[in-house]
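Colleague:
Numbering (the numbering used here), first residue to last: 4 to 648.
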């Protein structure tokens, strides 16, 4: 009992609070009072229902030198709790007292419009911005919000969601109202000057030395209305630009002025012809090529202000226009739309050719020449198949054994024999020949081309072969001192010629000529010249960007059987093979041509393609380095230098 009394006395010394009411006002006096007890006392005075989190512990000090009204008691409690790291959240008539870090997750008050709230109450407010970007305002407001509370931007609705104390949100309201001001574009109609020329002047003068992107001024020309559109986060800059435009937009005393327009992408000579055709309604005549770098094109007009002239300076790639202001403004608008960077087309052609050739020969030939040099009548003769000198004929082998073709050749020979009119040859009585050949070829060619839109390109990889077209030699009794032959050289190999055109939706229209030709090696010694094998495709196709399409191909499979035999004897089963010569040939050709176009519109796409091809060829070169040798000097094969990025 004594211990309890001592405990109460110590508690009364440490905690002392009192509430005294005077004429509907209350004097608060809480000194080192338990926070839970203070919340209960305020609940009795105000009639509020509190739900206190178990983690709410500690003491508070609230002292009022003068009585305060009942309406201020609850806000004073909220301020005291806030100093201790606690917050109040109202939900369904109950006020929850929570640690500040968790209160933002339990906030039950959501305001879509600006409404009054208690100063210490935790509230979630949604601000829908009308002019400025919500994402850009977040870094400005973040330092003004309590660290435990949140601010986030919703870009799709251009809205801010802020959870903070009500009294701080009142300050945030004022700041957002000041920032969310209309900064829309300012449109200035021009009466005399060209919007394009004036936009360049304003951008150059107003942005020189301005490092802050938010303070820069952007001037854009509207060709349809000949107006200047100004936009900037700095209102003063817009006012200065308006005064500058007003001074420059004045009428000149001359009926026509000379204007120089430098082109960035288009060709000055071609664009000058196009503009003349647009003004006169007639196609511009194609002028012959000239070494002069200035191509003048007279441009008559039907306006009352007189005619004009458009001149192209090829060296500077610029247009010199002499015309009244109204006509010049129209021309300037057309130039701006036509002077754009052309897209490029990278075309990959895949030519796959697979040839399978199989051949077989078998035959037996007989000759009896023993009685050639006798004095009495003798019977001679035999069988021979194939062309003499072709490597398979027994007569050619008897005259020259080195002429026998490839394969297995077995003969029976008995000395030599002298044939009148022919000379001395081998007495070859029998020649048995067998040959089988297999030849496979797998060829893949990948010619690549890069060209501008609507510009034809061509690539040839092969040889330039001469073909005889005529000769002059001795005729009749006349002797030519120096006989000669005339030749015409032709490209033989792989040729790809394309003309692309980009349509809407990244669809590429391609006019293509593809040719694969080669010289037949068996005709190199022909008197009339060699024979060429040629496969070509001339077509126009439509292909999506990056897709592969087959242009055409050849699938050929041929089998030929040749039998040369002695009548009757060659038909005898089994024994007939001794009196016949058989050959069989099987040729199979598969040729396919594929095409894949890629549209390149910017430097990034060029860089990726170039880097890929560059790395590939350097990798091939590095693998082709000669091996180290103890007997031969060590040398390195050339390798491309590193690609600059």
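C-beta: ideal position from N, C-alpha, C; glycine also.
What residue range is occupied by the uninterrupted alpha helix (DSSP H) comprising residue 176?
Modeller: It spans 169–182 - the alpha helix (DSSP H) in which residue 176 sits, taken as one unbroken run.
Colleague: Could you tell me the alpha carbon to alpha carbon distance between residue 637 and residue 514, rounded to whole angstroms?
Modeller: 49 angstroms
Colleague: In its own chain, which residues sit with a C-beta less than 6 angstroms from the C-beta of residue 459, not counting the 5 before and 5 after it?
Modeller: 502
Colleague: When the Cα of residue 1 is compared with those of 497, 511, 504, which residue comes out closest?
Modeller: Given that the chain is displayed from residue 4 to residue 648, the structure contains no residue 1 and the question cannot be resolved.
Colleague: Would you tell me roughly how many angstroms separate the C-alpha atoms of residue 516 and residue 557, rounded to the nearest one?
Modeller: 16 angstroms
Colleague: Please report the distance separating the alpha-carbon of residue 136 from that of residue 53.
Modeller: 40 angstroms
Colleague: Please return the same chain residues whose Cβ sits closer than 7 angstroms to the Cβ of residue 61, not counting the five positions on each side in sequence.
Modeller: 38, 87
Colleague: For residue 133, count the other beta carbons within 10 Å of its own beta carbon; 16 or more makes it buried, fewer makes it exposed. Which is it?
Modeller: exposed
Colleague: What are the boundary residues of the beta strand (DSSP E) that residue 535 is part of?
Modeller: 535–547
Colleague: Counting C-beta neighbours from all protein chains within 10 Å, is the total for residue 616 16 or more, i.e. buried, or is it exposed?
Modeller: exposed
Colleague: With H, G and I counted as helix, E and B as strand and the rest as coil, what does DSSP make of residue 646?
Modeller: coil
Colleague: If we call anything under 9 angstroms between Cβ atoms a contact, is residue 356 one with residue 593?
Modeller: yes
Colleague: With a threshold of 6 angstroms on Cβ separation, who are the neighbours of residue 361 within its own chain once the five nearest residues in sequence on each side are excluded?
Modeller: If we look at residue 361 and ignore the five residues flanking it on each side, its Cβ neighbours are 441, 589.
Colleague: Would residue 246 be called buried (16 or more neighbouring beta carbons within 10 Å of its own) or exposed?
Modeller: exposed
Colleague: Quick one: residues in its chain with C-beta nearer than 6 angstroms to the C-beta of residue 301, no 5 flanking neighbours on either side, listed in chain order?
Modeller: Low confidence applies to residue 301: its pLDDT is 42, below 50, so where it sits in the model is not reliable, and the reading given next is rough at best. Correct list, in chain order: 312.
Colleague: If we ignore side chains and look at the alpha-carbon of each, how far apart do residue 645 and residue 618 end up?
Modeller: 9 angstroms
Colleague: Going by beta-carbon coordinates alone, are residue 411 and residue 370 separated by less than 9 angstroms?
Modeller: no
Colleague: Pick out whichever of 51, 94, 55 has its Cα sitting closest to the Cα of residue 78.
Modeller: 51
Colleague: Using three-state DSSP, classify residue 568 as helix, strand or coil.
Modeller: strand
Colleague: When burial is assigned at 16 or more other CB atoms within 10 Å of the CB, is residue 574 buried or exposed?
Modeller: exposed
Colleague: Is the number of C-beta pairs between the stretch 192–207 and the stretch 218–237 that are closer than 8 angstroms three or more?
Modeller: yes
Colleague: Exposed or buried, residue 487, counting other C-beta atoms within 10 Å across all chains shown (16 or more means buried)?
Modeller: exposed
Colleague: Of the choices 547, 569, 344, 465, whose alpha-carbon is the least far from that of residue 520?
Modeller: 465
Colleague: Kindly indicate which three-state DSSP category residue 634 falls into: helix, strand or coil?
Modeller: coil
Colleague: Going by beta-carbon coordinates alone, are residue 408 and residue 393 separated by less than 9 angstroms?
Modeller: yes
Colleague: Return the Cβ separation of residue 598 and residue 350 in integer angstroms, given the expectation that the two are a contact with Cβ distance under 8 angstroms.
Modeller: Right, the Cβ-Cβ distance comes to about 7 angstroms (below 8 angstroms), so this counts as a contact.
Colleague: Among 347, 267, 390, whose alpha-carbon lies nearest the alpha-carbon of residue 510?
Modeller: Each of 347, 267, 390 was checked against the Cα of residue 510, and the nearest Cα belongs to 347.
Colleague: For residue 174, count the other beta carbons within 10 Å of its own beta carbon; 16 or more makes it buried, fewer makes it exposed. Which is it?
Modeller: Label assigned to residue 174: exposed.
Colleague: Please state if the CB of residue 499 and the CB of residue 603 are separated by a distance shorter than 9 angstroms.
Modeller: no
Colleague: In or out: residue 242 buried (at least 16 other Cβ within 10 Å) or exposed?
Modeller: exposed
Colleague: Among residues of its own chain, excluding the 5 on either side of residue 178, which ones have a beta-carbon nearer than 6 angstroms to its beta-carbon?
Modeller: none
Colleague: Given a cut-off of 9 angstroms, decide if residue 595 and residue 553 are closer than it, judged by their beta-carbon atoms.
Modeller: In this structure, residue 595 lies closer than 9 angstroms to residue 553 by Cβ.
Colleague: Can you tell me where the alpha helix (DSSP H) holding residue 283 begins and where it ends?
Modeller: 271–283
Colleague: Straight-line CA distance for residue 261 to residue 214?
Modeller: 35 angstroms
Colleague: So what's residue 330 in DSSP terms, helix, strand or just coil?
Modeller: helix
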